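Numbering (my numbering), first residue to last: 9 to 273.
C-beta atoms are modelled at their ideal positions from N, C-alpha and C, and glycine is treated no differently.
Every value quoted in this text rests on a predicted model; they were computed, and no experiment measured them.
Presented below is the structure to which this report refers.
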Amino acid sequence: MKPPASFLYAHDAATGVATITLNRPDRMNALTFEVYDELRRTFRALDDEPGVRVVVLTGAGGAFCSGGDVHDIIGRLVDRDAAGLLEFTRMTGDLVLAIRQCPLPVVAALNGTTAGAGAVIAIACDIRIASVSARIAFLFTKVGLAGADMGAAWLLPRIVGLGRATELLMTGEFIGADEARRLGLYNRVVADGEALAVATTFAGQLARGPRAALAGTKEALNREAVMDLASALEHEAQVQASLMAQADFREAYDAFVAKRTPKFR
């Protein structure tokens, strides 16, 4: 895959891990219209990228992502008409949808500041591994916008619960890594400078797993959030029956009998 100029793309063929690095360190990796569009297109293309099994998303320099660029986005939005504003907000939401619909696991490596749209992108990822100095805030109310932006009001309560999500989205205040870990917002907190390495190692472990089974797990987590129990049980029954007919299930059994590590396709 040829990476756009707005971020770096690297694929380790040996591990199956692709790394996307937001690459505007001088602007704390602030997003532009072009970055939003290129990122959503990239996530939609990754499933067809040969050899990619897991994705790591991170930021260059001392931040993960500080949100929309004040000048390149906010400064231009104030002059847009209603149709132009809706076009933009739908595009930003489409990036989150692209991350959630990507069947590959997506691991966020968070360093430094994660704010606004950057915070929503982080919670759209499947796993968040953060440095001890990584702070996070959903800043939208600080600039006169609803905290319910880019799917934040759908995603965040499912991670931290309704009460804490309400507080985080309404106040727009930063919280530190220890608090974010306690709430379940960060899966792991590691020493400064180690988030990307730990995330890449974790991604490599996932990449050695059964790709179809991981995709089925992610799809179930997405779909069953709005299902009743009976519908969820039926969905899982059909997914599992389908996977039981695939080669990875047989390989897991054969490896167990042979007392070896399974080699999933």
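Considering only C-alpha positions, which residue in the set the options is nearest to residue i?
i, options, result
"Phe-148", "Arg-88, Arg-35, Arg-61 and Glu-181", "Glu-181"
"Ala-38", "His-79, Arg-84 and Val-62", "His-79"
"Phe-41", "Gly-83, Thr-66 and Gly-24", "Gly-83"
"Ala-142", "Ala-123, Met-252, Thr-27 and Ala-228", "Ala-123"
"Val-47", "His-19, Gln-248, Leu-153 and Ile-107", "First, the amino acid is wrong: residue 47 is Leu here, not Val. With distances taken between Cα atoms, Leu-47 lies closest to Ile-107."
"Glu-57", "Arg-196, Tyr-17 and Asp-34", "Tyr-17"
"Cys-110", "Phe-51, His-19 and Gln-248", "Phe-51"
"Leu-170", "Ala-185, Val-151, Glu-187 and Leu-191", "Leu-191"
"Gln-213", "Ala-161, Leu-94, Gly-24 and Leu-164", "Gly-24"
For residue i, collect the residues of the same chain with a Cβ closer than 6 Å to its Cβ; drop the 5 residues on either side in sequence, then sort them by chain order.
i, result
"Asp-134", "Pro-113 and Val-114"
"Pro-270", "Glu-259, Ala-260 and Ala-263"
"Leu-292", "There is simply no residue 292 to check, as the chain begins at 9 and stops at 273 in what is shown."
By Cβ distance, which residues of its chain are closer than 7 Å to residue i, with the 5 residues on each side in sequence left out?
i, result
"Met-36", "Ala-71, Ser-74 and Thr-121"
"Asp-256", "Pro-218, Ala-220, Ala-221, Phe-272 and Arg-273"
"Ala-240", "Glu-232"
"Gly-101", "Met-158 and Gly-159"
Mark residue i as exposed unless 16 or more other C-beta atoms lie within 10 angstroms of its C-beta, in which case mark it buried.
i, result
"Ala-21", "exposed"
"Arg-32", "buried"
"Leu-54", "buried"
"Asp-157", "buried"
"Val-234", "exposed"
"Arg-268", "exposed"
Per DSSP, residue i forms a beta bridge with which residues?
i, result
"Cys-73", "Thr-122"
"Val-115", "Val-64 and Ile-135"
"Ala-26", "His-19 and Val-63"
"Leu-39", "Gly-76"
"Ile-144", "Thr-122 and Ile-183"
"Arg-196", "Ile-137"
With a CB to CB cut of under 8 Å and the five nearest residues on each side skipped, what residues in its chain are close to residue i?
i, result
"Val-198", "Ile-137, Ala-138, Ser-139, Val-140 and Val-206"
Does the Cβ of residue i lie closer than 7 Å to at least one heavy atom of the ligand SAH?
i, result
"Arg-88", "What this structure holds is no ligand at all, so the ligand SAH is not there to describe."
Alpha helix (DSSP H) runs wholly inside the segment 226-256, at least 4 long, in chain order
237-252
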